[in-house]
Amino acid sequence: MTEIGKSIERAVELLLAEETVAIPTETVYGLAGLAESKVAAGRIFEAKNRPFFDPLITHFHSFRAIEEFVEGIMPEHRLLAEAFMPGPLTLLVKKPDIIPDLVTAGTDMLAVRVPAHPITAELLKKLGRPLAAPSANPFGYISPTRPQHVLAQLGGKIPYILDGGPSKVGIESTIVSVEDGVCIIYRYGGLDIEDIRKVLPNHTFITAKHAAKTLPGTLAKHYSPNRPLVLAPSRIGLEEMGPKHPEALIIVFKTPIPNFDLTRQRVLSSEGSLAEAASNLFATLHEADAMEGVELIIAEPAPGEGIGLAINDRLQRAAAKGKE
Ligand code: TXA
Ligand code: MG
Numbered sequence: 365m366t367e368i369g370k371s372i373e374r375a376v377e378l379l380l381a382e383e384t385v386a387i388p389t390e391t392v393y394g395l396a397g398l399a400e401s402k403v404a405a406g407r408i409f410e411a412k413n414r415p416f417f418d419p420l421i422t423h424f425h426s427f428r429a430i431e432e433f434v435e436g437i438m439p440e441h442r443l444l445a446e447a448f449m450p451g452p453l454t455l456l457v458k459k460p461d462i463i464p465d466l467v468t469a470g471t472d473m474l475a476v477r478v479p480a481h482p483i484t485a486e487l488l489k490k491l492g493r494p495l496a497a498p499s500a501n502p503f504g505y506i507s508p509t510r511p512q513h514v515l516a517q518l519g520g521k522i523p524y525i526l527d528g529g530p531s532k533v534g535i536e537s538t539i540v541s542v543e544d545g546v547c548i549i550y551r552y553g554g555l556d557i558e559d560i561r562k563v564l565p566n567h568t569f570i571t572a573k574h575a576a577k578t579l580p581g582t583l584a585k586h587y588s589p590n591r592p593l594v595l596a597p598s599r600i601g602l603e604e605m606g607p608k609h610p611e612a613l614i615i616v617f618k619t620p621i622p623n624f625d626l627t628r629q630r631v632l633s634s635e636g637s638l639a640e641a642a643s644n645l646f647a648t649l650h651e652a653d654a655m656e657g658v659e660l661i662i663a664e665p666a667p668g669e670g671i672g673l674a675i676n677d678r679l680q681r682a683a684a685k686g687k688e
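The sequence shown lines up with residues 365 to 688 when you count with this note's numbering.
Below is the structure:
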C-alpha cells in the first residue's frame, strides 16, 4: 500500500491530488502535503496522529519563493537566508491568509524553511507551491532519517515515500524568530546557534521558554523510542551504570566504555565529530529500538556545545518519556 520510489513525477501527481508524500530533506524525512490545502494538512495530522496544537513547517524552493509568498520579511530574515538557506534553519514569519489555520495551529506565525536536498528542491520547483511537512514519524516518536524508517512507522498510512537516501544532517532544523533586536530560539537543531550569532552579532539571544511561549515541538516528552532510554549523567556515570544493566544497549559519543560487551555498544562518531554524531543519532535510536534482547537504552551525553546542544536536547526528551 505504501510505495518507496524515486519518481518526482509520481510525488507531484499525488501532492496535487492533496495526498501526502514522505520527502527526503538534509535534516530528517518530512511528511509533505500542499501547504495551502486544508485537506492535505488534515491528512498529515491523521497519518501522524498529531494533535492539532502542534504546527507544521512549510518548505519552499528558495528564499525568493518565501519572499513572494509572505509579507513582512525583515532585513534580519534576509541576512539569515543569505547565510543559511538552503539549510537546516527554520524561521518564524507572518502567516499569510492563504495558509489554513490548521498548518499553524491557529497562531499568526508560519514556520518556513528551504531544505537542502536536490530531490526535494526539484520537487518543490516542479510543484511551484510550498509544502507543509513535519517530520515523517508518528507523534512523539523518533524522526526518520532513512526511507525504511518512514516505511516502518507510517507504512499503510501514506501512499508514497520519495527515496533520497539517508538524511545527511540527521537532526531537525534549528527554529528561530527575530523581533526588535531579539532572536528567540524555539528549537536547537542542525544549525549551530553560534553561527547564527555571527550573522546577528548585535541581537540578544533567548530561548522560547524565557519568551513565555511554549510549543509542542518543545514538549519535554518527544522524539522518543518505544524502549526506555536513560541519559547517563557523565562518562564516569556511564561506566558505573553500564555493568549493572547487561540488558542494555549503550550509545556512546566517541569511545566505547571498557567494562561492557562491545557488541552491545554503538558509537555515534569515532572521530568525535558532532556533525557525524548528529547524523547517526536517530538511525542508532531506531536500531536500538528494533534490536532483539534490548530492554533499555543508555546514552552518553555529547559535548555540550554547537550541535551537541541539539543532540543532548533530543536525548533528554527521549529520556523524559513516561516521566510526565
Ligand atoms: O528539519 C525539520 O525541521 C523537519 C524537516 C522535515 O523539515 N521538520 C520537522 O517538523 O522537524 P516537526 O515535526 O518538528 O514539526 C514542526 C515543529 C513544531 O513541533 C513546532 O515546534 C515548530 O516546528 N513550529 C512550527 N510552526 C510553528 C509556529 N507557527 N510557531 C512556533 N513553532 C512552530
Ligand atoms: Mg517532529
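Virtual Cβ for every residue (Gly too), placed ideally from N, Cα, C.
Values in this document were obtained by computation on a predicted structure and should not be read as measured data.
Using the Cα positions of residue i and residue j, report the straight-line distance between them to the nearest angstrom.
i	j	result
ALA497	LEU379	12 angstroms
GLY436	ALA429	14 angstroms
ALA647	ASP653	10 angstroms
MET605	ASP625	13 angstroms
ALA596	ILE462	46 angstroms
ASN644	ALA683	18 angstroms
LYS490	PRO415	31 angstroms
ASN623	ARG591	23 angstroms
ILE421	ALA405	11 angstroms
GLN629	ALA674	22 angstroms
CYS547	ILE560	9 angstroms
GLU656	ILE570	42 angstroms
ALA375	ALA516	19 angstroms
PRO589	LYS573	25 angstroms
GLU611	SER633	23 angstroms
GLU635	ASP472	43 angstroms
PRO620	PRO665	13 angstroms
GLY529	ARG477	20 angstroms
LEU613	GLU603	13 angstroms
Is it buried or exposed, residue i, if we count other Cβ atoms within 10 angstroms and call 16 or more buried?
i	result
PHE409	buried
MET449	buried
SER507	buried
GLY519	exposed
GLU543	exposed
PHE417	exposed
ILE671	buried
Excluding the five sequence neighbours on either side, which residues of its own chain have a C-beta within less than 6 angstroms of the C-beta of residue i, listed in chain order?
i	result
HIS513	HIS650
MET365	GLY520
Spatial neighbours of residue i within its chain, please: C-beta separation below 7 angstroms, excluding the five flanking residues on both sides.
i	result
THR390	The identity of residue 390 in the sequence shown is Glu, whereas the question assumes Thr. The residues are PRO452, PRO479, ALA480, HIS481, SER531, LYS532 and VAL533.
LYS577	Note that LYS577 has pLDDT 48, beneath the 50 cutoff, so the model's placement of it is unreliable and no number is given.
GLY668	ASN676
ALA500	ALA386, TYR393, GLY394, LEU395, PRO508, VAL514 and LEU518
ALA663	LEU593, LEU595, ALA596, ILE615 and LEU679
TYR587	ILE506, SER507, ARG678, ARG681 and ALA682
GLU440	VAL542 and LEU564
Cutting at 8 angstroms between CB atoms, please list the residues of its own chain near residue i, excluding the five before and the five after it.
i	result
ARG442	PHE427
GLU382	GLY397, LEU398, SER401, VAL403, ALA404 and ARG407
LYS458	VAL434, GLU435, GLY436, ASP472, MET473 and LEU474
GLY545	ASN566, HIS567 and THR568
>> At 3 residues or longer, what runs of the beta strand (DSSP E) sit wholly inside the segment 404 to 448?
In response: Runs found: 421 to 423.
> Where are the alpha helix (DSSP H) runs, 4 residues long or more, that stay fully inside the segment 484 to 509, in chain order?
Replying inline: Annotation: the segment 484 to 509 contains no complete segment of the alpha helix (DSSP H) (minimum length 4 residues).
> Which full runs of the beta strand (DSSP E) of 3+ residues lie inside the segment 614 to 675, going along the chain?
Replying inline: Annotation: the segment 614 to 675 contains the following complete segments of the beta strand (DSSP E) (minimum length 3 residues), in chain order: 629 to 631 and 660 to 663.
>> Give the list of continuous alpha helix (DSSP H) stretches no shorter than 4 residues that lie fully inside the segment 500 to 573.
In response: If we require 4 residues or more, the alpha helix (DSSP H) runs fully inside the segment 500 to 573 come out as 511 to 518 and 557 to 563.
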